[in-house]
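Here the structure is laid out as structure tokens; the discussion comes afterwards.
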């Protein structure tokens, strides 16, 4: 869940994208001093479960067939979330793991 909050924060604006990109490009050295829990994420998850786009089984979220179909439609759409898609594709290739996010979050506690 923390990774999802981190990803949503990272695509919130260009400044955050730059901060996360720099963190990754320096081999995860340094800290991201301010990043936060995005309150809209919890509501979006509740709506996604209600609309049968994702399942929550034992605290693990999985995408449903309906959710996968929506994802594929959004991915094909050329004028929808272009910068966000580009950044998330790049981010995926740089393997930011749940563990990396937890390590980063632990520095704030």
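In UniProt numbering, the protein residues as written are 1 to 109. Note that CB positions come from ideal geometry on N, CA and C, so glycine has one too.
Per DSSP, residue i is paired with what?
{"i": "residue 56", "result": "61"}
For residue i versus residue j, is the C-beta distance shorter than 8 Å?
{"i": "residue 24", "j": "residue 96", "result": "yes"}
{"i": "residue 72", "j": "residue 28", "result": "no"}
{"i": "residue 64", "j": "residue 56", "result": "no"}
Go through its chain and collect everything with a Cβ distance to residue i's Cβ below 8 Å, but skip five positions before and after it.
{"i": "residue 91", "result": "7, 10, 20 and 24"}
{"i": "residue 74", "result": "80 and 81"}
{"i": "residue 66", "result": "51, 52 and 53"}
{"i": "residue 38", "result": "5, 8, 9 and 12"}
How long is the line joining the alpha carbons of residue i and residue j, rounded to whole angstroms?
{"i": "residue 52", "j": "residue 15", "result": "33 Å"}
{"i": "residue 102", "j": "residue 2", "result": "7 Å"}
{"i": "residue 68", "j": "residue 48", "result": "12 Å"}
{"i": "residue 77", "j": "residue 84", "result": "13 Å"}
{"i": "residue 13", "j": "residue 105", "result": "20 Å"}
{"i": "residue 44", "j": "residue 26", "result": "32 Å"}
{"i": "residue 36", "j": "residue 87", "result": "19 Å"}
{"i": "residue 107", "j": "residue 98", "result": "15 Å"}
For chain D, check one thing: does any of its Cβ atoms lie closer than 8 Å to the Cβ of residue i?
{"i": "residue 25", "result": "Any reference to chain D falls outside this structure, which holds one protein chain only."}
Who are the near neighbours of residue i in its chain, counting only those whose CB is closer than 6 Å to its CB and skipping five residues on each side?
{"i": "residue 61", "result": "54"}
What span of residues does the alpha helix (DSSP H) with residue i cover, start to end?
{"i": "residue 47", "result": "39-50"}
Leaving out five residues before and five after residue i in sequence, what residues of the same chain have Cβ atoms less than 7 Å from its Cβ?
{"i": "residue 41", "result": "4, 5 and 8"}
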